[in-house]
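Q: Handing you a structure now.
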Amino acid sequence: MTDRHITDAAEDDILGRPAADRSYGASTVKRKRRTVAELDVIDDAILAAVAQESPVTLRGVYYRVVSSGAVDKTEDGYRLVGRQVLKLRRSGRLPYHHITDGTRWVVKPTTWNTADAMLDAAAASYRRALWLDQGVEVHVFTEKDAISGVLTPVTDAWDVPLGVLRGYASETFCYSMAQAILAANKPVFVYQLGDHDPSGIGAWKDFQGKVTAFIKDSHRFSHAIFERIAVTPAQIDEYELPTRPTKKSDSRSKSFEGESVEVDAIPPTILRRLTKAAITQHINPEAYRLHQVAEQSEREGLYRLIGGRS
Numbered sequence: 003m004t005d006r007h008i009t010d011a012a013e014d015d016i017l018g019r020p021a022a023d024r025s026y027g028a029s030t031v032k033r034k035r036r037t038v039a040e041l042d043v044i045d046d047a048i049l050a051a052v053a054q055e056s057p058v059t060l061r062g063v064y065y066r067v068v069s070s071g072a073v074d075k076t077e078d079g080y081r082l083v084g085r086q087v088l089k090l091r092r093s094g095r096l097p098y099h100h101i102t103d104g105t106r107w108v109v110k111p112t113t114w115n116t117a118d119a120m121l122d123a124a125a126a127s128y129r130r131a132l133w134l135d136q137g138v139e140v141h142v143f144t145e146k147d148a149i150s151g152v153l154t155p156v157t158d159a160w161d162v163p164l165g166v167l168r169g170y171a172s173e174t175f176c177y178s179m180a181q182a183i184l185a186a187n188k189p190v191f192v193y194q195l196g197d198h199d200p201s202g203i204g205a206w207k208d209f210q211g212k213v214t215a216f217i218k219d220s221h222r223f224s225h226a227i228f229e230r231i232a233v234t235p236a237q238i239d240e241y242e243l244p245t246r247p248t249k250k251s252d253s254r255s256k257s258f259e260g261e262s263v264e265v266d267a268i269p270p271t272i273l274r275r276l277t278k279a280a281i282t283q284h285i286n287p288e289a290y291r292l293h294q295v296a297e298q299s300e301r302e303g304l305y306r307l308i309g310g311r312s
């Protein structure tokens with residue numbers, strides 16, 4: 003069966019967008035009606051995938067179900083998985099928080115009911131800057147908003163900035179990243195996870211080039227190392243990742259070989275493992291041990307201050 007590109011519009015629809023809000027016409031292809039038994043198999047595959055991989059994106063669930071053989075790797079297959087995910091969530095069988103959506107957020111200032119509540123929260127949440135006593139700094143970037151929710155548990159745990167590039171980064175953003183690297187006054191490792199396709203690879207190279215140029219133009223010494231940790235050609239073979247046709251209309255495809263692979267095709271547990279490995283290889287164990295001791299001591303000091311307030 004010929005692969006078809008899975009669009010973002012499809013994801014909006016299967017997440018529950020009313021038909022009146024859709025910007026595309028009705029399909030002329032009659033959808034195959036699944037039996038109850040077939041839908042049960044798909045539901046079981048969805049629940050098994052989420053149980054192993056959560057938090058996971060909707061697209062990530064789709065790729066796991068495709069790998070199980072429960073649906074075909076087509077747009078119709080993607081829509082079907084989306085509809086079943088929606089039904090499972092609304093029925094209570096699939097917890098809402100197990101599916102991550104990093105493309106939408108709410109901004110609100112931090113406020114408190116009382117000053118005492120603020121002090122208690124400050125002590126409980128206190129974290130010492132982990133990289134302060136390490137010999138390097140680490141930054142992680144993802145090409146897509148949705149993947150940020152998959153990686154946050156790792157980057158938060160290791161106090162690493164997590165950024166979303168969304169394709170080709172602006173001149174302004176690249177300049178600000180260069181300034182952050184210069185301000186570190188130590189080697190900075192910049193890791194990225196993105197699609198293996200002409201646009202994804204091109205955007206990453208463009209980001210590296212712009213940031214490096216700004217650093218050089220500053221005439222200040224700085225050491226920045228850039229590395230893509232997913233998706234790589236080796237991972238496509240190692241994990242037998244599902245592919246999709248490369249867009250021949252993209253001018254960048256002339257220098258690109260093979261089919262394309264979305265970063266969502268890699269299981270979230272593997273994405274988190276790759277990210278953790280990239281980060282922790284730079285951790286000095288003794289410096290980290292002393293960091294933990296200092297953090298605990300400082301947190302206890304905050305609690306003593308709070309306990310002694312009038």
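In terms of the numbering used here, the sequence shown opens at residue 3 and continues consecutively. Built from N, CA and C at the ideal position, the CB exists for glycine as well. Remember, it's a predicted structure, so these values are computed and weren't measured experimentally.
Which residue comes first and which comes last in the alpha helix (DSSP H) that contains Gly-211?
A: Against the sequence shown, residue 211 aligns to sequence position 209. First-last of the alpha helix (DSSP H) with Gly-211: 200-219.
Q: The beta strand (DSSP E) with Val-166 in it runs from where to where?
A: Counted from its first residue, the sequence shown places residue 166 at position 164. Where Val-166 is concerned, the enclosing beta strand (DSSP E) stretches over 164-166.
Q: Residues in its own chain within less than 7 angstroms of Val-67 by CB, not counting five upstream and five downstream?
A: Along the sequence shown, one-based indexing puts residue 67 at 65. Closer than 7 angstroms at Cβ, skipping near neighbours: Ile-44, Ala-47, Ile-48, Ala-51, Val-73 and Val-83.
Q: Starting from Gln-136, follow the alpha helix (DSSP H) in both directions and report where the run begins and ends.
A: Against the sequence shown, residue 136 aligns to sequence position 134. Note, Gln-136: premise wrong, no alpha helix (DSSP H); not H, not E.
Q: Just to confirm before moving on: does the CB-CB distance between Ser-69 and Pro-235 stay below 8 angstroms?
A: As a first step, residue 69 is located in the sequence shown; it is residue number 67 there, counting from the start. As a first step, residue 235 is located in the sequence shown; it is residue number 233 there, counting from the start. No.
Q: When you compare the CB positions of Leu-164 and Val-265, do they come within less than 8 angstroms of one another, or not?
A: Mapped onto the sequence shown, residue 164 falls at position 162. Mapped onto the sequence shown, residue 265 falls at position 263. No, Cβ-Cβ distance for Leu-164 and Val-265 is not below 8 angstroms.
Q: Alpha carbon to alpha carbon, what distance is there between Ser-251 and Phe-258?
A: Indexing the sequence shown from 1 puts residue 258 at position 256. Indexing the sequence shown from 1 puts residue 251 at position 249. Each residue's alpha carbon lies about 12 angstroms from the other.
Q: Apart from the five residues on each side of it in sequence, which residues of its chain come closer than 6 angstroms, Cβ to Cβ, to Ala-182?
A: If you number the sequence shown from 1, residue 182 lands on position 180. There are no such residues.
Q: Among His-99, Val-58, Arg-36 and Ala-117, which has the Cα closest to the Cα of Ala-267?
A: Reading the sequence shown from its first residue, position 265 is the one you call residue 267. Checked all of His-99, Val-58, Arg-36 and Ala-117; the closest Cα to Ala-267 is Val-58.
Q: Just confirm the distance between the C-beta atoms of Ala-124 and Tyr-193, as a whole number of angstroms; I'd bet it's less than 8 angstroms.
A: Locating residue 124 in the sequence shown gives position 122, where the first residue counts as 1. Locating residue 193 in the sequence shown gives position 191, where the first residue counts as 1. The pair is not a contact, with the Cβ atoms about 31 angstroms apart (cut-off 8 angstroms).
Q: Can you tell which of Lys-75, Gln-136 and Ser-150 has the C-alpha that lies nearest to the C-alpha of Arg-106?
A: Here residue 106 refers to the residue found at position 104 of the sequence shown. Looking at the Cα atoms, Ser-150 is the closest of the given residues.
Q: Who are the near neighbours of Thr-154 in its chain, counting only those whose CB is closer than 7 angstroms to its CB and skipping five residues on each side?
A: Numbered from its first residue, the sequence shown carries residue 154 at position 152. Here the set comprises Leu-164.
Q: Mind checking whether Tyr-282 and Trp-160 have CB atoms under 8 angstroms apart?
A: Along the sequence shown, read from residue 1 onward, the residue named residue 282 stands at position 280. Along the sequence shown, read from residue 1 onward, the residue named residue 160 stands at position 158. In the sequence as presented, Tyr is not what sits at residue 282; that position holds Thr. Contact: yes.
Q: Mind checking Lys-75: buried by the 16 CB within 10 Å criterion, or exposed?
A: Counting from 1 along the sequence shown, the entry for residue 75 is found at position 73. Buried, because 16 or more other Cβ atoms sit within 10 Å of the Cβ of Lys-75.
Q: To the nearest angstrom, how far is it from the Cα of His-284 to the Cα of Val-138?
A: Walking along the sequence shown from the start, residue 284 turns up at place 282. Walking along the sequence shown from the start, residue 138 turns up at place 136. Taking the straight line joining both Cα atoms gives about 7 angstroms.
Q: Should Gln-86 be labelled buried (16 or more other beta-carbon atoms within 10 Å of its own) or exposed?
A: The residue you call residue 86 lines up with position 84 of the sequence shown. Under this definition Gln-86 is a buried residue.
Q: If you check the beta carbons only, do Val-233 and Val-263 fall under 8 angstroms apart?
A: By 1-based counting over the sequence shown, the position of residue 233 is 231. By 1-based counting over the sequence shown, the position of residue 263 is 261. Yes; because the gap between Cβ atoms is below 8 angstroms, this pair is in contact.
Q: Check Gly-18 in the structure and name its three-state DSSP category.
A: Position 16 of the sequence shown, counted from the first residue, corresponds to residue 18. Residue placement at Gly-18 is flagged as unreliable, the pLDDT there being 45, under the threshold of 50; a coordinate-derived value is accordingly withheld.
Q: Using a threshold of 8 angstroms, state whether the C-beta atoms of Val-213 and Ala-186 are closer than that.
A: As a position in the sequence shown, residue 213 is number 211, starting the count at 1. As a position in the sequence shown, residue 186 is number 184, starting the count at 1. It is not a contact, given that the beta carbons lie outside the stated cut-off.
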